[in-house]
Structures are given as structure tokens and as C-alpha cells.
Amino acid sequence: MSKDLNQKIYVAGHRGMVGSAIVRNLQAKGLTNIITRTHAELDLTNQAAVENFFKAEKPDQVYLAAAKVGGIYSNNTYPAEFIYYNLMIQNNVIHQAFVHGVKKLLFLGSSCIYPKLSPQPMSEHALLTGKLEPTNEPYAIAKIAGIKMCESYNRQYGESDGVDYRSVMPTNLYGPGDNYHPENSHVIPALLRRFHEAKVSNAPEVVIWGTGTPRREFLFVDDMAAASVFVMDLDKATYVQHTEPMQSHINVGFGSDITIAELAMAVAKATGYQGAISFDPSKPDGAPRKWMDSSRLNNLGWHAEVSLEQGLKSTYEQFINSKS
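All residue numbers in the sequence shown are consecutive under our numbering, ending with 336.
Take a look at the structure:
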């Protein structure tokens, strides 16, 4: 951690699950000069607005956690929105950060950047080696562009301007502040809500989309925030030593994966649901497996700490409290 606790840090997307966790982590470390803006205060797709913001605030560091996100249903239903909004946010924030002298920036991507049939676990070297999962290809393309934008600014302006823009690629995230929309949410918040409602209504059965056989890796959001700050605070020589100029992103995973069927049982346990669980194979499964190779990050000294059981318990408690 930098000794300068007064450095001005802009967290884009601070109201989101990841952004809010990053703010909590920074504050816990004693950093108080944290800049945030709601969407109403600053539309990151508006180039002029973003330019004026950076001109006025001149932050020292930027965590780019703002994005339009969603699960299979929303990605498949709103592909134009997913590619447009994410490209615009990234382009505006990264470029204006450079224009206004920001030396350090951390871009947050997603594991969906990797090909659908990547060898498992997926290493950073799998990027751009095959076709993407069709249901979230537009979102993945935007995130790949964000990685390459950071790398390109490093390559062109690293020596001359001291630019040091980094990227982290989290696996599937969950935790406090997640989106529990019945259709547009990711798998864990969607299941937490459905199992909770089934428990409350004494429903005899909960039906899960797909076959239940795909495997997924899940990381608690506070672990992701800790990893993000860890990567941002690495000295440049260490970061460069463990990455490559045109493959500089770092995977952030839990270290192991489970089937969707196993996840459903874990969520049922966390919520206290006692009924039956079945699967609807007519619904899409998505990629057969998404397990990140996090050895690059582990070799740098960081490891996840929160177990799935602990994380689900904490997340469900937050969900219950938010409804009361």
C-alpha cells in the first residue's frame, strides 16, 4: 500500500457490487480522499461530461469498475446495449484519465473474455485463441477492448508519460450489493432470491435453468476488492515481471469450481429451503465450464480467503436485511 493516504482515488461504479467493495477496502486501509459520482451526477457515456470531470478533479488513481452487467438472459436480450455502453464507458474514462495525467488505472474485466471452449483452467494466454460464448459475446468484446486499450496506452505512453494501466479479470462474483432482479441478475443472486421466495411461499419445488452440469467458479466480492487493490499497489517492476506487454491482464479466481447443481444445493442450504430441486434442460446452459487459472496472481502472493459457504451466508443475510 502506498504511504500516501491522501492520494486522490476515483472509483467509477462505486454503487455497484464491485465498486462499493473497493471503496470499503480502501477506506479500511485509511484512505479518505476517495472520489465517487452517481450515474445521475456523471454519465460516463458522455464524453464531454467525463472530460469536465477529470479536468476538475484530477485524480491520482482510477479504479474502473463501472459497467453494464447482467446474466445470460439480459446479455442475450440486450446485446446492443451491452456492447455500446461498455465501450463508451471504457473509452471515455481511460482516455480522459490519460489526457488529465492519471498515471495509475485499474480496469476490471470478466472471465467471459475467454473462448467458450478454452482449456480449463483458463489462463491469461487463452485470450483471443477461439470463439466466444455467443450469449455474452458483445459484453466480452467490450471487455477485451478495455484490456487492449490499457495495454496500448502503456505501450505508447508508458515510457514518455509514466502511464501504468492494469487489468484484472474476475471469475463469477457475488456478495453484498448484488443485483437480485428476477430476470437480469447473475446466477447466485438469482438463485438466492428464488430459493428465498420458494421458502417463504412453501413452494414444493424450485426449477433451475439448464441441465445443472456446467461448472462455475465463484469469488466473494470482498475478495475481489482485496485483489484489485493488491494488484494496483504492486510496484511497476513486479507487475511487469509477472505479465507481458500485450497480455498484461491478471486473472482473479477462487481456485476451484463446482457444478450449477452443487451450487443450487448450497444456496438451498444457505436460505433454509427444504423442497425439491429440478432442472429444465430446454433452457441454455452457457459455457460448459469457466474456471480461471489464477496462478499468476497467486505467484504474486494473493489468495482468496472467503469460502462459498461463508460468502453465501453473508450475502443472504444482506439480502434479508435489504428487504426489511
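Glycine residues also receive a C-beta, built at the ideal position from the N, C-alpha and C atoms. Here the structure is a predicted model, which is why all the values come from computation and not from measurement.
Using 10 angstroms around the beta-carbon of residue i, count the other beta-carbons present and answer buried if the total reaches 16, otherwise exposed.
| i | result |
| --- | --- |
| Val81 | buried |
| Arg167 | exposed |
| Ala210 | buried |
| Ser172 | exposed |
| Asp176 | buried |
| Asp269 | buried |
| Val233 | buried |
| Ser86 | buried |
| Gln108 | buried |
| Glu53 | exposed |
| Asp292 | exposed |
| Asn37 | buried |
| Thr184 | The amino acid occupying residue 184 in the given sequence is Asn; Thr does not appear at that position. Buried, since its Cβ has 16 or more Cβ neighbours within 10 Å. |
| Pro257 | exposed |
| Gly323 | buried |
Do residue j and residue i have their beta-carbon atoms positioned less than 9 Å apart in this structure?
| i | j | result |
| --- | --- | --- |
| His208 | Ile289 | no |
| Arg308 | Thr250 | no |
| Gln259 | Leu117 | no |
| Ala33 | Val74 | no |
| Asp338 | Thr283 | With the chain covering 13 to 336 only, the question about residue 338 has no answer from this structure. |
| Tyr151 | Ser123 | no |
| Val62 | Ile46 | no |
| Ala316 | Phe266 | yes |
My guess is that residue i and residue j are in contact by the Cβ rule of under 8 Å, so how many angstroms apart are they, rounded?
| i | j | result |
| --- | --- | --- |
| Glu149 | Gly298 | No, Glu149 and Gly298 are not in contact; Cβ-Cβ is about 12 Å, not under 8 Å. |
| Leu56 | Ile101 | 4 Å |
| Met236 | Val30 | 6 Å |
| Leu120 | Val180 | 6 Å |
| Val264 | Pro182 | 5 Å |
| Trp221 | Lys281 | Incorrect: roughly 20 Å between the Cβ atoms, too far for contact. |
| Tyr169 | Phe110 | 7 Å |
| Gly83 | Ala202 | 7 Å |
| Gly224 | Thr271 | 6 Å |
| Leu17 | Thr44 | 7 Å |
Can you give me the start and stop residues for the beta strand (DSSP E) that residue i sits inside?
| i | result |
| --- | --- |
| Val125 | It is worth fixing the name first, because residue 125 is Ile in this sequence and not Val. Run containing Ile125: none; DSSP gives neither H nor E here. |
| Asn263 | 262 to 264 |
| Ser179 | 176 to 182 |
| Gln102 | No beta strand (DSSP E) contains Gln102, which is instead part of the alpha helix (DSSP H) from 91 to 111. |
When you measure from the CB of residue i to every non-hydrogen atom of the ligand FAD, does any distance come out below 8 Å?
| i | result |
| --- | --- |
| Asn166 | The ligand FAD is not part of this structure, which contains no ligands at all. |
Which two residues bound the contiguous alpha helix (DSSP H) that contains residue i?
| i | result |
| --- | --- |
| Leu204 | 199 to 213 |
| Arg308 | 307 to 311 |
| Ser164 | 149 to 173 |
| Ala68 | 59 to 69 |
| Asp235 | 233 to 245 |
Okay, do the region 157 to 173 and the region 199 to 213 touch, 3+ Cβ pairs below 8 Å being the bar?
no
Touch test, the region 125 to 140 against the region 83 to 97, Cβ-Cβ under 8 Å, three pairs minimum
no
Should the region 64 to 81 be regarded as contacting the region 19 to 34, the criterion being three or more beta carbon pairs within less than 8 Å?
yes
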